[in-house]
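Okay, so the sequence shown: first residue is 751 according to this note's numbering, each after it adds one.
Note that CB positions come from ideal geometry on N, CA and C, so glycine has one too.
Written out below as structure tokens is the structure these notes cover.
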Amino acid sequence: MGELGAELGVSRATLFRWVGNRDQLTADILRDLATKTFHRALAAHADTTGATRVSAVIGDFVQILAETSFFVDFVHREPERALRLLTTKESPVQGYAIERVEQLLDEEIDPPSGPEAIHHHDLAYLIIRICESLLYTDLITGDPPNPDIARQAIYALIR
């Protein structure tokens with residue numbers, strides 16, 4: 751934060767007033783990245799519908815993040831901070847992702863019915879947890895991220 755303040759020509763205290771602490775700034779940047787990435791994935795699959803569109807959009811979202819060097823570098827350089835900011839309620843990132851997936855489900859999938867139905871909000875949460883598991887699998891198991899498995903799992907889940 752001190753280096754950023756110096757680069758911007760403001761004191762560290764001013765920078766903290768503008769953006770909050772380092773975690774808040776990082777979470778805001780990550781949320782902005784998630785927003786742009788999600789819009790890019792939506793645009794790439796504007797010609798599809800239903801479960802195919804949902805799984806393709808979310809699979810692309812995971813793939814784009816897995817291939818974005820500064821994101822991958824951040825996750826590997828500071829894994830505890832990254833996972834806390836990306837996968838917990840402490841950050842706006844996971845909440846945003848769940849909200850966007852729920853909206854996509856509402857647009858593309860008929861509302862659930864019956865006693866066994868999983869409502870779109872809960873389904874969106876499950877989808878995001880699947881994505882997190884597959885995106886950060888190198889930290890969890892040592893295996894490389896595999897966006898294709900995300901696409902397949904999400905399609906099987908909502909089909």
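Taking the straight line between their C-alpha atoms, what separation do you get for residue i and residue j?
| i | j | result |
| --- | --- | --- |
| G809 | D782 | 19 Å |
| V760 | W768 | 10 Å |
| E866 | Y875 | 17 Å |
| L873 | G770 | 32 Å |
| I890 | A756 | 36 Å |
| V812 | I859 | 20 Å |
| D893 | T764 | 42 Å |
| H728 | Q774 | Nothing in the structure corresponds to residue 728, since the chain is present only between 751 and 909. |
| I814 | K786 | 11 Å |
| N896 | I880 | 11 Å |
| T818 | L780 | 12 Å |
| S863 | L833 | 34 Å |
| P861 | E840 | 29 Å |
In chain order, what residues of the same chain lie with their CB nearer than 8 Å to the CB of residue i, ignoring the 5 residues before and after it?
| i | result |
| --- | --- |
| V807 | F788, A791, L792, A794, H795, L854 |
| I878 | Q844, A847, I848, V851 |
| T799 | E858 |
| L907 | L873, L876, I877, I880 |
Going along the chain, which residues of its own chain have a beta-carbon closer than 6 Å to the beta-carbon of residue i, five neighbours each way excluded?
| i | result |
| --- | --- |
| H871 | E852 |
| R909 | A801 |
| I805 | Just to set this straight, residue 805 is Ser in the shown sequence, not Ile. Around S805: R901, I904, Y905. |
| E882 | T837 |
| T887 | D893, P895 |
So, at 7 Å on beta carbons, what are the nonlocal neighbours of residue i in its own chain, with the 5 sequence-adjacent residues on each side left out?
| i | result |
| --- | --- |
| T776 | L835 |
| P829 | L889 |
Quick one: grab the DSSP three-state call for residue i.
| i | result |
| --- | --- |
| Y886 | coil |
| T785 | helix |
| A847 | helix |
| R767 | helix |
| H826 | helix |
| P842 | helix |
| A756 | helix |
| I878 | helix |
Segment contact, 8 Å Cβ cut-off, at least three pairs: the segment 819–826 with the segment 839–848: Cβ pair count under 8 Å is below three, so no.
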